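**Q** Shown below is the structure under consideration.
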Amino acid sequence: MTRFAAWFTLCALALAATQARAEQLIVALSAEEVRITSNFTGTSITVFGAIERDAATVSRAEFYDVVVSIKGPPETVVTRRKDRLVGIWLNSESRTFVNIPSFYAVNSSRPLSEVTTPQILKRFQIGADDLVFPVSAGDGAQSAGQDDAFRQAFVRLKQQDGLYRTEAYGVKFPGTEIFQTAVQIPANVPVGRYVVTVYLFRDGAMLASDQSEIRISKMGFEQFTFDLAHNQGLIYGLICVILAVFTGWLAGLIFRRD
Amino acid sequence: MQIYLPIAEMPVNMFIIFGMGGAVGFLSGLFGVGGGFLLTPLLIFSGISPAVAVASTTAQVVASSSSAAITYYRRRMIDMKLAGVLVASGVVGSSIGVGIFSLLRRWGQLDLVIALCYVTFLGLVGGLMLTESIRAMINARKGRPAPLRRPGQHNWAHGLPFKMRFKRSKLYVSVIPIIAIGVGIGILGSLLGIGGGFILVPALIYLLRVPTNIVIGTSLIQMTGTMAVATVLQSTSNHTVDGVLALILMVGGVIGAQFGARVGAHVRGDQLRAMLALLVLGVGIRFFVDLVQTPADLFSLATLAGDTR
Numbered sequence: 210m211t212r213f214a215a216w217f218t219l220c221a222l223a224l225a226a227t228q229a230r231a232e233q234l235i236v237a238l239s240a241e242e243v244r245i246t247s248n249f250t251g252t253s254i255t256v257f258g259a260i261e262r263d264a265a266t267v268s269r270a271e272f273y274d275v276v277v278s279i280k281g282p283p284e285t286v287v288t289r290r291k292d293r294l295v296g297i298w299l300n301s302e303s304r305t306f307v308n309i310p311s312f313y314a315v316n317s318s319r320p321l322s323e324v325t326t327p328q329i330l331k332r333f334q335i336g337a338d339d340l341v342f343p344v345s346a347g348d349g350a351q352s353a354g355q356d357d358a359f360r361q362a363f364v365r366l367k368q369q370d371g372l373y374r375t376e377a378y379g380v381k382f383p384g385t386e387i388f389q390t391a392v393q394i395p396a397n398v399p400v401g402r403y404v405v406t407v408y409l410f411r412d413g414a415m416l417a418s419d420q421s422e423i424r425i426s427k428m429g430f431e432q433f434t435f436d437l438a439h440n441q442g443l444i445y446g447l448i449c450v451i452l453a454v455f456t457g458w459l460a461g462l463i464f465r466r467d
Numbered sequence: 006m007q008i009y010l011p012i013a014e015m016p017v018n019m020f021i022i023f024g025m026g027g028a029v030g031f032l033s034g035l036f037g038v039g040g041g042f043l044l045t046p047l048l049i050f051s052g053i054s055p056a057v058a059v060a061s062t063t064a065q066v067v068a069s070s071s072s073a074a075i076t077y078y079r080r081r082m083i084d085m086k087l088a089g090v091l092v093a094s095g096v097v098g099s100s101i102g103v104g105i106f107s108l109l110r111r112w113g114q115l116d117l118v119i120a121l122c123y124v125t126f127l128g129l130v131g132g133l134m135l136t137e138s139i140r141a142m143i144n145a146r147k148g149r150p151a152p153l154r155r156p157g158q159h160n161w162a163h164g165l166p167f168k169m170r171f172k173r174s175k176l177y178v179s180v181i182p183i184i185a186i187g188v189g190i191g192i193l194g195s196l197l198g199i200g201g202g203f204i205l206v207p208a209l210i211y212l213l214r215v216p217t218n219i220v221i222g223t224s225l226i227q228m229t230g231t232m233a234v235a236t237v238l239q240s241t242s243n244h245t246v247d248g249v250l251a252l253i254l255m256v257g258g259v260i261g262a263q264f265g266a267r268v269g270a271h272v273r274g275d276q277l278r279a280m281l282a283l284l285v286l287g288v289g290i291r292f293f294v295d296l297v298q299t300p301a302d303l304f305s306l307a308t309l310a311g312d313t314r
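Respectively, the protein sequence lines represent chains L and A. The first sequence begins at 210 in the numbering used here and counts up by one. The second sequence begins at 6 in the numbering used here and counts up by one.
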């Protein structure tokens, strides 16, 4: 149903758009808000889009390439490495990455290396390999290079958690100028604002890009509990204790033997 | 059925968590211990972060120990004055423990210290309990009566100043060892998410010579009080108590405990202690293996609080 509605919006938008540029992107999302409730086990965001050419632009023979990236809210993460000390494994060296996306998904119509040049990937920070990894001031360098062991471990662990993901052939073209892709959002995603960026390429050159936003937020009871725990810790703690004593008392009452 | 935990920020299978609570509750009812030392590791092994596991188990211990404490209170098997001194010093201990907890979390050594403490205390207590219960079993088989505990016997703990009279326990002892025990259990409890009953009960019996019929009720009051304060402190300073997780564990735990207590009434004391000792040792060894074995992944990530959320 949402899919249908999105298609409908898309067609309406396509008709309305009359800007005088060679190629234009029109993008619609299956949802602009994801709500985390008690039965949340992850979801999927579908990104639809159309490539619009004005009448003056001749139809060219090459195929279009589309790259869709979704970036989660930035976070500060410590990556720690364990080392052996007198037979025991303990955390020793660490590196703190600041302002790093908590979630990062890249879907493209072909592998990124075939879509465009490394220079463009680097310039627009497309793909986990080309993200800038700023390091906190105390750790020496300003940002971690691609071959940094901590950076590689960070990306690998994020991938294991399903929070960093790539699909090299994830963007499909149902028509020559219409594309769609689905991005899986796992259940452990952080809440916040997610930025969806769509890039249009042809022949390695970027023709257009479009940015939109998704909000992922906890709803109802989950939101209430989380806010209470973080803003009113004392009240939250007291509620937990009262709940615990009540449960204990109730059990004693139900199972009373004498 | 999957349920999303608002503080742990992950979905878990409700029935698995409920089952864990029930199984640990059964064992705690069987052996007369809080069960925190089993529950926290179980939660950690099932993927919940140590910080949330410890803090949420703290709330669960309040439920299970208060449930049992009410029963002992009805039977008048509690020394309220002794419990009061223990709780007061336990509160001091919990505050220190929660402070250490926050500090270690910032340094990235929380998991290590939790594991080291588990290895040390579980190994020590498990080992002592096992040797004691085996000796008791051998004595019972040979038909020798168990060595009688002479109630008049004093040790070094009785020579200290600041004496206080505890009528219900028929004791006249210094408050120094009582406060020391209370503070120590408070620190351990909030740091490890355990009630500390398996340390407190032997300490009260062997160090202070508290009569055995009073000891369990009194230690339950101490656990309820200390862990209640620890729960509040954990939620004010670390925000890691997951109410939903704790509630599922509580309900499972109190139900399991009732069945455990019924089964426990039919098993001989020394056999029960030997089984508990093996269980305690087993958990300790598991932690030890994890410490010395080369980990599957040398790297780990920790999100620093106070960002976008």
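All residues carry an ideal CB built from backbone N, CA and C; glycine is no exception. Note that the coordinates shown come from a computational prediction; the quantities given were computed from them, not determined experimentally.
Check the Cβ-Cβ distances between ILE12 of chain A and every residue of chain L, and say whether any is below 9 Å.
**A** yes
**Q** Going by beta carbon distance, what residues of the same chain come within less than 8 Å of GLN227 of chain A, once the five residues before and after it are set aside?
**A** ALA88, LEU91, VAL92, GLY95, GLY187, ILE190 and LEU205
**Q** Using 8 Å as the Cβ pair cut-off and three pairs as the minimum, do the region 442-459 of chain L and the region 20-39 of chain A touch?
**A** no
**Q** Could you pull the start and end residues of the alpha helix (DSSP H) that ILE444 of chain L belongs to?
**A** 442-463
**Q** Can ARG424 of chain L and VAL295 of chain L be called in contact, C-beta distance under 9 Å?
**A** Not closer than 9 Å, so no.
**Q** Can you give me the C-alpha to C-alpha distance between ARG365 of chain L and ARG81 of chain A, rounded to a whole angstrom?
**A** 59 Å
**Q** What do you reckon, are the CB atoms on SER33 of chain A and ALA262 of chain A nearer than 9 Å?
**A** yes
**Q** Given that SER177 of chain L touches chain A, what residues does it touch there, using C-beta distances under 8 Å?
**A** In the structure as shown, chain L begins at 210 and stops at 467. Residue 177 of chain L is therefore absent and cannot be evaluated.
**Q** When you compare the CB of ASP339 of chain L with every CB in chain A, is at least one pair closer than 9 Å?
**A** no
**Q** Using 9 Å as the limit for Cβ to Cβ distance, is THR227 of chain L near chain A?
**A** With a pLDDT of 41 at THR227 of chain L, under the threshold of 50, the modelled position of this residue cannot be trusted; read the value that follows with caution. Answer no: the Cβ-Cβ gap between THR227 of chain L and chain A never drops below 9 Å.
**Q** Please compile the residues from chain A whose C-beta is within a distance smaller than 7 Å of the C-beta of SER247 of chain L.
**A** ILE8 and TYR9
**Q** Which word fits GLU261 of chain L, buried or exposed, when buried means at least 16 other C-beta atoms lie within 10 angstroms of its C-beta?
**A** buried
**Q** Would you say VAL454 of chain L reaches chain A, if we count a Cβ-Cβ gap shorter than 9 Å as a contact?
**A** yes
**Q** Which residues in chain L sit within 8 Å of PRO300 of chain A, going by Cβ to Cβ distance?
**A** Among the residues of chain L, those whose CB is under 8 Å from the CB of PRO300 of chain A are LYS291 and TRP298, following chain order.
**Q** Taking PRO16 of chain A as the query, report the chain L residues whose CB atoms sit under 7 Å from its CB, ordered along the chain.
**A** PHE249, THR250 and ALA396
**Q** Please tell me whether SER138 of chain A and ALA282 of chain A are closer than 9 Å, where the distance is taken between their beta carbons.
**A** yes
**Q** Give the straight-line distance between the Cα atoms of VAL404 of chain L and GLU422 of chain L, rounded to the nearest whole angstrom.
**A** In a straight line, the C-alpha of VAL404 of chain L is about 5 Å away from that of GLU422 of chain L.
**Q** Would you say the region 11-20 of chain A touches the region 243-256 of chain A, given that touching needs at least three Cβ pairs under 8 Å?
**A** yes
**Q** Whole angstroms are fine: how far does the CA of VAL66 of chain A sit from the CA of PRO46 of chain A?
**A** 14 Å
**Q** Sorted by chain position, which residues of the same chain lie with C-beta nearer than 6 Å to ASP419 of chain L's C-beta, five sequence neighbours on each side aside?
**A** Counting only residues of its own chain and dropping the five nearest sequence neighbours on each side, ASP419 of chain L has a CB closer than 6 Å to the CB of LEU234, VAL236 and VAL407.
**Q** Going residue by residue through the region 321-405 of chain L, where are the continuous alpha helix (DSSP H) segments of at least 4 residues, counting only ones entirely within it?
**A** 321-324, 327-332 and 358-369
**Q** Give me the subset of the region 89-115 of chain A whose CB atoms are less than 9 Å from a CB atom of chain L, sorted by chain position.
**A** TRP112, GLY113 and GLN114
**Q** Of all Cβ atoms in chain L, is any one closer than 9 Å to the Cβ of MET317 of chain A?
**A** Residue 317 of chain A is absent from the model: chain A starts at 6 and stops at 314.
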